[in-house]
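In full-length UniProt numbering, the protein residues as written are 1 to 606. Even glycine gets a Cβ: it sits at the ideal position worked out from N, Cα and C. Quick caveat, the model's predicted, so the values are computed rather than measured. Read the structure below first, then the notes.
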């Protein structure tokens, strides 16, 4: 494998800001010197993921993951260091020429069978796309898409393709390229009618929409029939080790930068709506994959923005879905608005009928508040001329209005009810006040608890408290060694024949010596590239996130070194004390006296 020169790595690193790199994946908020957000490597509702702009590193106080811009891209997208370096170089407009034959572009941290599945999906996507745009066999499918309002630009942008009607085209194509047919069956690309029968193509004579996971890898397909009479209309890849409908959002990977820039996400019901909206200039849209919104979906969305615009179909099913989705989003602290469509249209139909500008301005740009949508939802199916239905609606509306934290909002909605139904404002306000006091108190307590949870960790004190004193002493020494090269040699000289108690700490020091011997300057972000082990990189990122003062005193160094050198003797004293107690229990008093003398000598040596 070709190695990228250290000076080139340094150039690439200096060309980008780690905050900009990570912000494409995680919504970051500055607090103090660092930026904080929800960790993308483990599920959490409280931000424990920290990014240091000064040191160009990241660290999660929850799961311990840490590193620099290169390792972040490697972990997020499951790719090799060279591939990550290429991506970071492209962001910094740095030319990085690597011979593609010197390493495997598909090399990743994935198990071999999963890497093979992704490679097969990528290969088929390219071929299906070629069939649609450049062959006679794809002409009918292309015309079908163009008639439905798709453009060639959209087809190319979303890599839409076409699968041939043959039963074994993909079987032969994949086998010819060396793929295991059994693995391809597990990937959902092939099927068998019965267990012992030959493999057949799962997708035949269909328009193919590739589905990307959050790391941008193609992991599945959604295939649409050419004719509305063909069933099923949509055929998705079945659940596989790579593809889970409950955790995948269509267009999430491509929409990330647009969501971050605009500050909100538009959530659609299906991918055809996303593609139509993108043609209309709404590039921050994502869609569910024929399933209800889940907690995993919300975790993905919260990484990028706390604000969601729901733009689901306006039929009864769409309204019900909007209410359920909005209620779940509200539960997880998201800001929700609802873009409603008229005449039971879906977004795709609306855009074709009224045009892109009206969709952007009158639908997305005119989204109603979540409270307004709830009032609309509560009155559905009710005859408000009937006294019982009206009282039921008013009571339910007041319950929801009482939950609003803003007094002006509560006043506005109560006045709307009073004017619309010619009801006494005083009576409505009285009923509201009966509910708003306990509700407001609960909401205030909930908000205060949420604010406490959302505060970033204070200079990683929770982790410091969990670490034993010897670990903290060793880490303080390593932190100073990474700040100043000359301290490595001074501290090693002070240590003499002694060594660090933790093997990982000793390994970091050994690598640091090698790093400096090769002429490199102190730079923790670059030093992480020098470390071959992810566990060591995590420890270095955690050490660097400590609030370590660059200034130091001789006494401070001596105290830390002394603590490290004394520790083996302290352990030995504890062992001999245990042996002494065991000897006393066995009434071996002579042995106990000898052990007491050894303990005394060890203490004197300290």
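8 angstroms or more divides the Cβ of residue 130 from the Cβ of residue 218.
Shortest Cα-Cα distance from residue 39 to any of 32, 50, 29 involves 50. As a beta-bridge residue in DSSP terms, residue 211 pairs with 220. Rounded to whole angstroms, the Cβ separation of residue 314 and residue 340 is 6 angstroms, and the two are in contact under 8 angstroms. Rounded to whole angstroms, the separation of the alpha carbons of residue 178 and residue 145 is 33 angstroms. When the alpha-carbon of residue 88 is set against those of 424, 45, 19, the nearest one is in 19.
When the five nearest sequence neighbours on each side are left out, the beta carbons in the same chain lying within less than 6 angstroms of the beta carbon of residue 373 are those of 338, in order along the chain.
For residue 31, the enclosing beta strand (DSSP E) begins and ends at 29 to 31. Judged by DSSP secondary structure, residue 36 falls within the beta strand (DSSP E) whose first and last residues are 34 to 37. DSSP lists 163, 225 as the beta-bridge partner residues of residue 206. Inter-residue distance for residue 63 and residue 355 is about 47 angstroms (C-alpha atoms, whole angstroms).
When rounded, the separation of the alpha-carbon atoms in residue 426 and residue 398 is 13 angstroms.
Counting C-beta pairs closer than 8 angstroms gives fewer than three between the segment 213 to 227 and the segment 170 to 186, which falls short of the contact rule. Rounded to the nearest angstrom, the gap between the Cα atoms of residue 193 and residue 185 is 12 angstroms. Annotation for residue 502: no beta strand (DSSP E) segment contains it, and DSSP assigns it neither H nor E.
With fewer than 16 neighbouring CB atoms inside 10 Å of its own CB, residue 143 falls in the exposed class. The C-alpha of residue 191 lies about 25 angstroms from the C-alpha of residue 249. Less than 8 angstroms separates the beta-carbon of residue 245 from that of residue 290. Going by DSSP, residue 170 is part of the alpha helix (DSSP H) stretching over 169 to 176. In the displayed model, residue 533 falls within coil according to three-state DSSP, outside both helix and strand. For the pair of segments examined, the segment 341 to 351 was found to touch the segment 304 to 318: the number of CB pairs separated by less than 8 angstroms reaches three.
Counting only residues of its own chain and dropping the five nearest sequence neighbours on each side, residue 421 has a CB closer than 8 angstroms to the CB of 384, 390, 394. Annotation for residue 287: 249, 250, 251, 267, 268, 269, 270, 271, 273, 274 place their beta carbon closer than 8 angstroms to its own, counting only its chain and skipping 5 residues before and after.
Per DSSP, reduced to three states, the secondary structure at residue 136 is helical. Our two residues, residue 206 and residue 118, have alpha carbons roughly 20 angstroms apart in a direct line. Under the three-state reduction of DSSP output, residue 340 falls in the coil class, being neither helix nor strand. Among the bridge pairs identified by DSSP, residue 52 is matched with 34, 57.
The three-state reading of DSSP puts residue 376 in helix, counting H, G and I together. Here the segment 474 to 493 makes contact with the segment 537 to 547; the two share three or more CB pairs at distances below 8 angstroms. The C-alpha of residue 496 is placed about 41 angstroms away from the C-alpha of residue 15. Rounded to the nearest whole angstrom, the CA to CA distance from residue 400 to residue 52 is 42 angstroms. Taking 8 angstroms as the cut-off, the beta carbon of residue 332 is found no closer than this to the beta carbon of residue 371. Listed in chain order, the alpha helix (DSSP H) elements of length 4 or more contained wholly in the segment 463 to 518 are 469 to 483, 485 to 495, 503 to 517. For residue 285, the uninterrupted beta strand (DSSP E) run begins and ends at 285 to 287, by DSSP.
CA-CA distance, residue 228 to residue 240, rounds to 27 angstroms. Between residue 208 and residue 188, the alpha-carbon positions lie close to 14 angstroms from each other.
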